[in-house]
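Position in the sequence shown counted from 1, then plus 2, gives you our numbering. Every residue gets a Cβ at the ideal spot worked out from N, C-alpha and C, and that includes glycine. These figures come from a predicted structure and were not determined experimentally. First comes the structure, then the notes that go with it.
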Amino acid sequence: MRWLRTFGEVVRSGLTIEETRLEPLLALRTAAGVAIVIGLALWLVSPAYAASAALGAYSAGGATFQRTWRPRKVIALGAGAGLALSTFVGYLAAGRLVTFLPLLAVWAFAAGMAWALGSTAGIVAATTVGSMLVTITLPTSVGRALEHAGVIALGGVAQAVLILLFPVRRWGAHRDALADALAAVADHARRLRHDPTAPFEPEPLMTARDAAAVTPSQARTRPPVLHGPRGLAERILPVIAALADPDVGAPAEGPGRDRARELLDAAAGVLDAAARTVRRGTPAEVPAGTSEVLHVDEEHEVLEGPARQAAERLVELLGEVVEIAGSGGARDKAPTPQGPASAQYMVRPTMFRLLPVVVRAVRPELRRDSPVFRHAVRLAAVATLGYLIASRLPLDHGYWAPIASVMVLRPDFHRTYARAVARLAGTLAGVALATGTVRALGPDAHVFGALAVVSVALSYTLVRTGYAYSQCFTAAYVVFLLGMGGQAWGQTVPERVVLTLIGGALAMLAYVVFPAWETPRLAGRLADWLAANGHYAAAVLRSYAEPTREHRADMRRALLASREARAAWQEAYDQARQEPVRPRGLTSREAEEAEEALKGFDRAAMVMESHVPQGESRFAPEAERLAEALEADTAQAAVDVREHRNPDWGRVEEALHAWEGAAGDRSPVLRRGAELQKRALEDLATAVSRTPLERDVGSAREEQRVRAAVAAKDDGSGPGHRGG
């Protein structure tokens, strides 16, 4: 039942249109690159060379649509070079299975391990496997193989030249990432008006930080407006949380709460204006009346104590944001980054210095329980097995089966199955569409070349709206290319459908045979997040105990590590909810409660961070003891969570008890924040603690609860239907 229900969700997901922003100009430019190389190859050489050139231009163009912070022309050149190399090396080993199959397995395994560098590297590497499978059938000698490899690389060069000559939204991805981060903080400020303890999802800030890392050449041409707003958003976030919090900020009711809501609404408006400026590169209007709201009257201000401190700090930071919104990114008005010249930007390695980075990223994944390693093994297995099976079938285009497997497979279950369904549906529709067109128009290489370019343009246009719809026109593109090369449509249609079905089935079966389920690893991910949060909270406390520059730097590093651990947990949890396996270690309810507890713990630390003293004098010596206790207890609790033992907070309780008798406590925010963290830890212990009997029957009860909920939904007897 669980597999059937999960597969139904997979089918719906695979055929869903994703609501996202289309980029027709990018699609038009990339399709023009394909048209140029096809036209020149048809005019100067032959349809076979035109097919090779089209493959290089199409794959290199598709690579530029992936989410990456490097210049698109560099991605196009790299993709073209990889495709050319795989084509030539594949041809050298082609002709005998004893040489080609080992090469294919090794190449596919390396392409799978490329996911350790990110999704863009993994997807581009997978296309080189497809190139190896397709184009080795075209050359007839080593010299011809070199020629075809050069033509494929030329397709990547053509795309890079078009990107250089006709740039579309230069720095557009970087602008969008930073604007999304500012908009996310603005949205959080609005939510805090109604829910003072609303959690913040840090993914937009993490993405903006990743986008902010540039190479030295990029740093020389980066728009000035991309320099400073991310740091402002980072500093504003804990301030608005501290202002809204009813425990340490504005009171829960009364004039103070109304004043806090006014400030939060004004902050949201200013941040949205800055986001529009960053995204468009033009000045944006700050909401009318913002200046009056952002004026803190010394005599009539209703906020007091820590709330007033937070309000004053927020007004100061928003003043800088107002300048950004009004500048439109002008060089003379954009904020200048502080610090030495060497620290003005985060350095991203150039393409020629990536080898050590690749080695450091791949080495930790070379273990049997790594999802990336398992994906690489599956990729190598389905590529070789699909090629071997297809070579034994009475079909002329056997490479379509392993290509379908390679392009469908992803490191996680849901995307693999959804793409398999989407690819089959898109292939059927695309082949049917192209077949009808071919039958109506008759054989003509130039007409088929033009139709291939149109199909490419539509595929690029829809690439971000859903895999099935883009794949429909990709399938039509392949049929037109084969027709341009002289292949009869009657041969290509049934072969394409049957082999795509075989390849998709192999990919789905491979995941069942050698899976990488996230469900059993949830406890470990939760433990990692707990330990990282404990280190962050301890770093904040040490900044109170001794507010030095070194402690502030350690607090920043701990915050980034905590966000990474939280993102890893969220990704694993989202994948686990889509997997057809029983909960192990943590049930769905326990995972949800533990997540809420850790979000509360993280939020308390963030509120405390907003009031960290800026001076160099010792401020709260009792905070050092609590920091040590908190770090020790969370580290031990992480071990307990992994081994399914009940966590204990004895050291934290002892440190807080000793703090009650300490004199000179001058920071109510620090004291109240510590109490909130203790409460969050107790909630976490309640969420994950179980008796021995509960550990034995917990998974069974969870399964029983899910089945009952599904049955109630199916027969209409759920809560919404009771009472007629």
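Are residue i and residue j close, meaning C-beta to C-beta below 8 Å?
{"i": "ALA312", "j": "VAL298", "result": "no"}
{"i": "LEU411", "j": "ALA509", "result": "yes"}
{"i": "GLY35", "j": "ILE154", "result": "no"}
{"i": "VAL643", "j": "LEU532", "result": "yes"}
{"i": "LEU266", "j": "ARG195", "result": "yes"}
{"i": "ALA629", "j": "ALA574", "result": "no"}
{"i": "VAL654", "j": "ASP685", "result": "no"}
{"i": "TYR401", "j": "LEU106", "result": "no"}
{"i": "ALA118", "j": "ALA127", "result": "no"}
{"i": "GLY152", "j": "ALA86", "result": "yes"}
{"i": "ALA254", "j": "ALA246", "result": "no"}
{"i": "VAL324", "j": "VAL272", "result": "yes"}
{"i": "THR467", "j": "ILE19", "result": "yes"}
{"i": "THR279", "j": "ALA327", "result": "yes"}
{"i": "PHE415", "j": "GLN580", "result": "yes"}
{"i": "ALA727", "j": "ARG355", "result": "Because the chain is modelled from 3 through 726, residue 727 falls outside the range shown and cannot be assessed."}
{"i": "PHE102", "j": "ALA96", "result": "yes"}
{"i": "THR130", "j": "GLY84", "result": "yes"}
Going straight from the alpha carbon of residue i to that of residue j, what length do you get?
{"i": "ALA37", "j": "SER329", "result": "41 Å"}
{"i": "PHE475", "j": "LEU460", "result": "6 Å"}
{"i": "LYS335", "j": "ILE125", "result": "Low local confidence applies: a pLDDT of 44 at LYS335 is under 50, so the model's placement there is unreliable, with the coordinate-based value given in what follows. Approximately 40 Å between the Cα atoms of the pair."}
{"i": "ARG211", "j": "ARG551", "result": "21 Å"}
{"i": "VAL449", "j": "ILE238", "result": "58 Å"}
{"i": "ALA33", "j": "ILE391", "result": "34 Å"}
{"i": "ALA512", "j": "ALA378", "result": "11 Å"}
{"i": "ASP446", "j": "MET486", "result": "7 Å"}
{"i": "VAL455", "j": "ALA50", "result": "16 Å"}
{"i": "GLY80", "j": "GLY157", "result": "11 Å"}
{"i": "PRO201", "j": "LEU632", "result": "22 Å"}
{"i": "GLN68", "j": "ALA123", "result": "9 Å"}
{"i": "ARG380", "j": "VAL76", "result": "29 Å"}
{"i": "LEU320", "j": "ARG282", "result": "20 Å"}
{"i": "ALA62", "j": "VAL295", "result": "52 Å"}
{"i": "VAL227", "j": "ARG681", "result": "41 Å"}
{"i": "GLN473", "j": "ALA424", "result": "8 Å"}
{"i": "SER701", "j": "ARG586", "result": "For SER701, the predicted model reports a pLDDT of 47, less than 50, meaning its position is unreliable and no value from the coordinates is stated."}
{"i": "ALA555", "j": "MET610", "result": "16 Å"}
{"i": "ALA660", "j": "GLY652", "result": "12 Å"}
{"i": "VAL170", "j": "GLU300", "result": "50 Å"}
{"i": "VAL408", "j": "GLU203", "result": "33 Å"}
{"i": "ARG177", "j": "GLY230", "result": "12 Å"}
{"i": "VAL159", "j": "THR217", "result": "21 Å"}
{"i": "ALA477", "j": "VAL500", "result": "13 Å"}
{"i": "ALA599", "j": "GLN679", "result": "9 Å"}
{"i": "LEU6", "j": "TYR546", "result": "54 Å"}
{"i": "PRO670", "j": "VAL13", "result": "54 Å"}
{"i": "GLU566", "j": "ALA434", "result": "45 Å"}
Reducing DSSP to helix, strand and coil, say where residue i ends up.
{"i": "VAL272", "result": "helix"}
{"i": "VAL12", "result": "helix"}
{"i": "SER143", "result": "coil"}
{"i": "SER121", "result": "helix"}
{"i": "THR550", "result": "coil"}
{"i": "ILE19", "result": "coil"}
{"i": "LEU24", "result": "coil"}
{"i": "VAL5", "result": "Strictly speaking, residue 5 in this sequence is Trp, with Val absent from that position. Three-state result, TRP5: helix."}
{"i": "GLU581", "result": "coil"}
{"i": "SER133", "result": "helix"}
{"i": "ARG224", "result": "coil"}
{"i": "PHE168", "result": "coil"}
{"i": "ARG98", "result": "coil"}
{"i": "ALA290", "result": "coil"}
{"i": "TYR1", "result": "Because the chain here runs from 3 to 726, residue 1 falls outside it and cannot be looked at."}
{"i": "LEU265", "result": "helix"}
{"i": "ALA254", "result": "coil"}
{"i": "PHE475", "result": "helix"}
What residues are listed by DSSP as bridge partners for residue i?
{"i": "MET348", "result": "ALA215"}
Is any heavy atom of the ligand GDP found at a distance shorter than 7 Å from the C-beta of residue i?
{"i": "LEU94", "result": "This structure simply doesn't include the ligand GDP, nor any ligand for that matter."}
**OP:** Please specify which runs of the alpha helix (DSSP H), each continuous and at least 4 residues long, are wholly inside the segment 29-91, giving them in chain order.
**Re:** 49-65
**OP:** Quick one: which unbroken beta strand (DSSP E) runs of 3-plus residues sit fully inside the segment 381-453? Chain order, please.
**Re:** none
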